[in-house]
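Participant: Chains as they are written, first to last, in numbering that gives the first Met the number 0: chain Y, 0 to 344; chain C, 0 to 344. Yeah, the Cβ is synthetic: ideal placement off N, Cα and C, and Gly gets one too. This structure is a prediction, so every number in the text was calculated from the model and none was measured.
There are 2 protein chains.
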Amino acid sequence: MNPPHPLVSRARVVALAILFLLVGAARAEPDPLLSWNAGPAKQAIIDFVNDTTTAGSPTFVPEPERIATFDQDGTLWVEHPMYTQVMYCLERVPALVKAKPELAKRVPFSTALEVLHGDRSAMERLTMPDLEEILAATLTGISVEDFNAEVEQWLAGAKDPRWHRPYTELTYLPMQEVLQYLRDNGYKTYIVTGGGQDFVRVYSEDTYGIPPEQVVGTAGSTKYGYDKDGQPFLTKEPKLLLNDNDAGKPEGIHLMIGRLPRAAFGNSAGDRQMLEYTKAGEGARLAMLLLHDDGEREYAYGPAKGLSDTKVGTFTQALYDEAKNDGWVVISMKDDWKRIFAFEQ
Amino acid sequence: MNPPHPLVSRARVVALAILFLLVGAARAEPDPLLSWNAGPAKQAIIDFVNDTTTAGSPTFVPEPERIATFDQDGTLWVEHPMYTQVMYCLERVPALVKAKPELAKRVPFSTALEVLHGDRSAMERLTMPDLEEILAATLTGISVEDFNAEVEQWLAGAKDPRWHRPYTELTYLPMQEVLQYLRDNGYKTYIVTGGGQDFVRVYSEDTYGIPPEQVVGTAGSTKYGYDKDGQPFLTKEPKLLLNDNDAGKPEGIHLMIGRLPRAAFGNSAGDRQMLEYTKAGEGARLAMLLLHDDGEREYAYGPAKGLSDTKVGTFTQALYDEAKNDGWVVISMKDDWKRIFAFEQ
């Protein structure tokens, strides 16, 4: 056998060195979506980021235009058996009744007290107008500063009924990874929630790394005034400015952001218009819906795909069909998520 | 004379070297406010930035909390003889009349046409309700996309009556320097304008380096719908959501930003509450008002300090007194600004 030509030998060394560097680089880059199982959902996120952030890509998006919007309840954190903010409002009723004892015997406040005393049927009796009256009474007529302090105090002590943990620990680890992955790639991440804008802003920065100015939600007006020392303050008023659900989501995005998102994530019929609006723009767009199909590790509800119906975060069959027709990606909690919560093993 | 002690000599060399480095560093750092004359206004800005961004300073502000808000008309660009957006609305009237010829003989549209034909007295005849009718007719009932395209097209051709330049060239260079200086020091800069939020967002990024999501302004609602191909779009509606003037400014800041600014800049009575609200927070806060006292290089109006009265950007004596009492800094255009426009020599 002839000895290898010196050039061949050198080429082989160079090739090995490059291979070594590449393997090294691959090793140094940890998986940004560690809690996701390999599959079309995880791949759609990675492809979207690569398509929109690789210089020279035909679908490259300049950094100022990298906007991603996330529904909160049921998309970033648990919404069952009841939205966290509604729990806050119900649990504020005793303080309200203490200040105004005449409310104790008046529906819906009396019903709320029964719910708090463990009467499960009382919750069923609360109609939507009842709930609206409780929300108005507990979320308005208070200064912005006092409201923030009360929410903060409540969050520090309240526990959810199933895991017995603070609500802010019930965020989905796979979605936290998506938020971080997008931000690491120059995306501004926004919450676009049907929940109260002021409520979510209290914890959004600590819980999701999302600053208050990047939270769009259902919002009421405030009224400017002065305290007895002449210091200005804002009072939360019972006048709705933006109902950030359904068509209110794209309308809220226009009001608060002023440009189309490149990516949007939701989990219920209330997110449909946000996803349609996001996909209506040109270039690479990502629309994703989380399906709660894991009754063992979290909850299972639809009624899409024959899952049980619910009033809290409805994922209709029509929404499922629109997703399939329009190239939105449905995330199966059961199949796509390796791990759901950070506190799990 | 004894020769210097070797240690003294070495200390002297070290001292000279340090001095040399310091002078070098000072030379390398260009003045960020080059168009400002030395004086209390310029110094207040520099002191504020140093106080809030120097690590270890008792008034240090963490970067996420560095928010600065700027009124636009009369603060960032020229507002006389008439707000740019009002000029846009008046100049849209011919297109409106072409589409609906019956408007040609109806007040206030007939009055607007007289204004455009050079009848100066016609402008005086336009009442506030007249103006509101013209604004509603030219700013609403149109899709967001079409509106943006029309404003962009108008801005590309329109010229102001005095300098005969595009309106977007009539921004104040000293204020552009403040915007940049604050951003270079980790501040998020916002426009908080009584003008239309959608109007200002069309050019804010190119003109001020401020992205649309950092423009808070007077805003109407939009309505989500679908075109004949089933594509979603938003229509601008004649329903006011936020009148971003006076108390509407702090209310708008709460709605859109959700935290108190650290610095606020204005020029008229409509900015009073924004400045009060900014100063109400603890720690270092900067509140500044621009006084238009330079009729030669720009315009002179008050009526503070005996300047002539105006309906466009009123700087009242009461505002001037509140500024002096509450530690707000009044910028004299005449004395504090070396250069007003970038297009000047």
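Look at Ile252/Y and Glu212/C and say whether their C-beta atoms are less than 7 Å apart.
Facilitator: Not a contact, by the Cβ cut-off of 7 Å.
Participant: Among the residues of its own chain, which have a CB less than 8 Å from the CB of Ser203/Y, if the five just before and after it don't count?
Facilitator: Ile190, Ile209, Pro210, Pro211, Gln213, Val214
Participant: Just checking my contact of Phe47/C with Ala262/C at CB under 8 Å: how many whole Å lie between their CB atoms?
Facilitator: Cβ atoms of Phe47/C and Ala262/C come within 8 Å of each other, at about 6 Å.
Participant: Suppose only complete runs of 4+ residues qualify. What are the alpha helix (DSSP H) ranges in the stretch 149–231 of chain Y, listed by chain order?
Facilitator: 172–183, 196–207
Participant: Which bits of chain Y does Leu233/C rub up against, with CB to CB less than 7 Å?
Facilitator: Within chain Y, the residues near Leu233/C are Pro249, Glu250, His253.
Participant: Quickly, what does DSSP pair Lys323/Y with across the bridge? List them, please.
Facilitator: Partner(s): none; Lys323/Y has no beta bridge.
Participant: Is Ala61/Y close to chain C? Criterion is C-beta to C-beta, closer than 7 Å.
Facilitator: For clarity, residue 61/Y is Pro in the given sequence; the question names Ala instead. Judged by the 7 Å Cβ criterion, Pro61/Y is not in contact with chain C.
Participant: Which residue marks the beginning of the beta strand (DSSP E) containing Ala341/Y, and which one marks its end?
Facilitator: Run containing Ala341/Y: none; DSSP gives neither H nor E here.
Participant: Would DSSP call Met255/C helix, strand or coil?
Facilitator: Helix.
Participant: Taking 7 Å as the CB-CB limit, is Ala263/C close to chain Y?
Facilitator: no
Participant: Should Met0/Y go down as buried or exposed, given a rule of 16 or more other Cβ atoms within 10 Å for buried?
Facilitator: With a pLDDT of only 45 at Met0/Y, under the threshold of 50, the placement of this residue in the model should not be trusted, and no figure is reported.
Participant: Can you tell me whether Pro260/C is buried or exposed, with buried defined as 16 or more other CB within 10 angstroms of its CB?
Facilitator: buried
Participant: Rounding to the nearest angstrom, what Cα-Cα distance links Lys310/Y and Thr52/C in this structure?
Facilitator: Each residue's CA atom was taken as its position, placing Lys310/Y and Thr52/C some 49 Å apart.
Participant: So, for Phe342/Y: in the same chain, excluding its five sequence neighbours on each side, which residues have a beta-carbon less than 7 Å away from its beta-carbon?
Facilitator: Arg164, Glu168
Participant: Reducing DSSP to helix, strand and coil, say where Met0/Y ends up.
Facilitator: Unreliable positioning characterises Met0/Y in this predicted model, as indicated by a pLDDT of 45, which lies under 50. The coordinate reading is nonetheless provided below. Coil.
Participant: If you measure beta-carbon to beta-carbon, which residues of the stretch 220–231 of chain Y are closer than 8 Å to chain C?
Facilitator: Ser220, Thr221, Lys222, Tyr223, Gln230, Pro231
Participant: For Pro210/C, return the contacting residues in chain Y, with the cut-off set at a CB-CB distance below 7 Å.
Facilitator: Pro63
Participant: Just tell me which of Phe232/C, Thr206/C, Glu275/C, Asp197/C has its CA closest to the CA of Leu241/C.
Facilitator: Answer by Cα proximity: Asp197/C.
Participant: Give the interface partners of Val143/Y over in chain C, defined as CB-CB distance under 7 Å, in chain order.
Facilitator: His253
Participant: I'd like to know if Leu240/Y contacts chain C, where contact means its C-beta is closer than 7 Å to some C-beta of that chain.
Facilitator: yes
Participant: Taking only beta-carbon positions, decide if His268/C is within less than 7 Å of chain Y.
Facilitator: Looking at the sequence itself, residue 268/C is Ala, so the reference to His does not match. No - not a single Cβ of chain Y is within 7 Å of the one on Ala268/C.
Participant: Is DSSP giving Ala67/Y helix, strand or coil here?
Facilitator: strand
Participant: Output needed for Thr217/C: all residues of its chain with C-beta closer than 8 Å, excluding positions within five of it in sequence on either side, in chain order.
Facilitator: Thr192, Gly193, Gly194, Gly195, Gln196, Leu239, Leu241, Asn242, Asp243, Asn244, Gly247
Participant: Provide the residue span of the alpha helix (DSSP H) that contains Leu112/C, from first to last.
Facilitator: 108–115
Participant: Consult DSSP for Lys304/C and reduce its assignment to one of helix, strand or coil.
Facilitator: Helix, per DSSP.
Participant: Cα separation between Phe232/Y and Trp35/Y?
Facilitator: Phe232/Y and Trp35/Y: Cα-Cα distance of roughly 45 Å.
Participant: Under a CB-based cut-off of 7 Å, is Tyr171/Y close to chain C?
Facilitator: Tyr171/Y does not count as touching chain C.
Participant: When we look at the beta-carbon of Phe146/Y and count the other beta-carbons within 10 Å, is it buried (16 or more) or exposed?
Facilitator: By the Cβ neighbour-count rule, Phe146/Y is buried, with 16 or more other Cβ atoms within 10 Å of its own.
Participant: Count the CB pairs spanning the stretch 141–155 of chain C and the stretch 116–131 of chain C that are closer than 8 Å, and state whether there are at least three.
Facilitator: no
Participant: Is any beta-carbon of chain Y found at less than 7 Å from that of Val329/C?
Facilitator: Not one beta carbon of chain Y lies nearer than 7 Å to the beta carbon of Val329/C.
Participant: Pull up the distance between the alpha-carbon of Ala67/Y and that of Leu254/Y, whole angstroms please.
Facilitator: So the two alpha carbons sit approximately 16 Å from each other.
Participant: Reducing DSSP to helix, strand and coil, say where Ser120/Y ends up.
Facilitator: helix
Participant: Work out the CA separation of Tyr166/C and Lys158/C for me, nearest whole Å.
Facilitator: 6 Å
Participant: How would you call Val106/C, buried or exposed, if buried means at least 16 neighbouring beta carbons within 10 angstroms?
Facilitator: exposed
Participant: Closer than 9 Å by beta-carbon distance: list the chain Y residues that pair up with Glu343/C, in chain order.
Facilitator: Ordered by position in chain Y, no residue passes the 9 Å Cβ test against Glu343/C, which lies about 30 Å from the chain.
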